[in-house]
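A quick write-up on the structure given underneath.
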Amino acid sequence: MIKNIVFDLGNVILKDSPSIVLENSKISNENYQIIKNRFFNNWNELDLGNETLKEHFDNCGFDFYVDENIKEILLNYYKYRPFNNEIIELMNNLKSNKYNIFILSNNNKEAYEYLKKLPIFKSVDGWVVSCDYHITKPNKEIYIKLFQAFNIRPEECFFIDDKEENVNIAKTLGMKGFALDIKNHGMDKLNKSLKENNINFISKIV
Numbered sequence: 001m002i003k004n005i006v007f008d009l010g011n012v013i014l015k016d017s018p019s020i021v022l023e024n025s026k027i028s029n030e031n032y033q034i035i036k037n038r039f040f041n042n043w044n045e046l047d048l049g050n051e052t053l054k055e056h057f058d059n060c061g062f063d064f065y066v067d068e069n070i071k072e073i074l075l076n077y078y079k080y081r082p083f084n085n086e087i088i089e090l091m092n093n094l095k096s097n098k099y100n101i102f103i104l105s106n107n108n109k110e111a112y113e114y115l116k117k118l119p120i121f122k123s124v125d126g127w128v129v130s131c132d133y134h135i136t137k138p139n140k141e142i143y144i145k146l147f148q149a150f151n152i153r154p155e156e157c158f159f160i161d162d163k164e165e166n167v168n169i170a171k172t173l174g175m176k177g178f179a180l181d182i183k184n185h186g187m188d189k190l191n192k193s194l195k196e197n198n199i200n201f202i203s204k205i206v
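Residue numbers for the sequence shown follow this note's numbering, beginning at 1 and rising by one.
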């Protein structure tokens, strides 16, 4: 029986990629593309906890002046990234139905420290974030850290992630799971998968 619902952050609880925070900024398209490709790609060292956002910014080696307002957004992007309200509602719904709620995410320390304090995450029972363990998904060891940290059994967990590879690894360890493609009727399909796994929640889909 499923007792624990485990959520990823990016493209699940949080909308789109982090670069969405720059889409309405007053910068040239050329500079936007450079910043997007350098700052918002290759976050491995950030997610492993080996680099701060400031160090990451400095290591990007931009050969043009980055306006202080843009720099502030980059270094605090996690404060501007929008939430997927349907997932937040589902998360609270599941919590009210007595499921334990966990976060399993590849993420950096600064984003994690900010996000975990937000009231929107009040229903979360525990977090396992890559920067704390220096391990990123899909390495199976980070899933094992989740089981160990909260003394939960994989067969009693349902994992929601946006990457098929991450969900497949979870399944090899005994978890149930679903790869969410939020833009392509993702919520409908997720709700169907939850029902197929006998997970109780209130669906708004008629």
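Beta carbons: idealized from backbone N, C-alpha and C, even for Gly.
Check: Is the CB-CB distance between Ser-123 and Met-175 below 8 Å?
Finding: no
Next item on the list: Look at the alpha carbon of His-56 and the alpha carbon of Leu-75, and state the distance between them as a whole number of angstroms.
Entry: 9 Å
Margin query: Taking the alpha helix (DSSP H) that Gly-177 belongs to, which residues open and close that run?
Written below: Careful: Gly-177 lies outside any alpha helix (DSSP H), inside the beta strand (DSSP E) at 176-179.
Notebook entry, point to check: Is the region 87-107 close to the region 18-32, with three or more CB pairs under 8 Å?
Noted result: no
Checklist line | Minimum length 4: unbroken alpha helix (DSSP H) runs contained in the region 71-126 | finding: 85-96, 109-115
Next item on the list: Check whether the region 43-52 touches the region 106-116, taking contact to mean three or more Cβ pairs, one atom from each stretch, closer than 8 Å.
Entry: yes
Margin query: Three or more C-beta pairs under 8 Å: does that hold for the region 25-34 against the region 57-75?
Written below: yes
Check: Helix, strand or coil: how does DSSP classify Asp-16 here?
Finding: coil
Check: Which stretch, first to last residue, makes up the beta strand (DSSP E) that contains Asp-58?
Finding: No beta strand (DSSP E) holds Asp-58; the alpha helix (DSSP H) holding it covers 53-59.
Notebook entry, point to check: When you compare each of Thr-136, Asp-162, Ala-170, Thr-172 to Leu-190 by their alpha carbons, which one comes out closest?
Noted result: Asp-162
Notebook entry, point to check: Along the chain, where does the beta strand (DSSP E) that runs through Ile-142 open and close?
Noted result: Unbroken run through Ile-142 is the alpha helix (DSSP H), 140-150; no beta strand (DSSP E).
Notebook entry, point to check: Hey, how far is the Cα of Lys-171 from the Cα of Glu-165?
Noted result: 10 Å
Next item on the list: Find the nearest neighbour of Ile-103 within the set Pro-138, Ile-160, Lys-195, Lys-3, judged by alpha-carbon distance.
Entry: Ile-160
Item checked: Three-state class that DSSP yields for Val-66 in the structure shown -> coil
Check: Is it right to say Asp-47 is buried, meaning 16 or more other beta carbons lie within 10 angstroms of its own, or is it exposed?
Finding: buried
Next item on the list: May I ask which residues mark the beginning and end of the beta strand (DSSP E) holding Asp-162?
Entry: Element bounds for Asp-162: n/a, residue is neither H nor E.
Notebook entry, point to check: DSSP on Ile-27, reduced to helix/strand/coil?
Noted result: coil
Notebook entry, point to check: Going by alpha carbons, who is nearest to Ile-152 out of Pro-82, Asn-37, Phe-39, Asn-100?
Noted result: Asn-100
Checklist line | Boundaries of the alpha helix (DSSP H) in which Asn-191 is found, first to last residue | finding: 186-196
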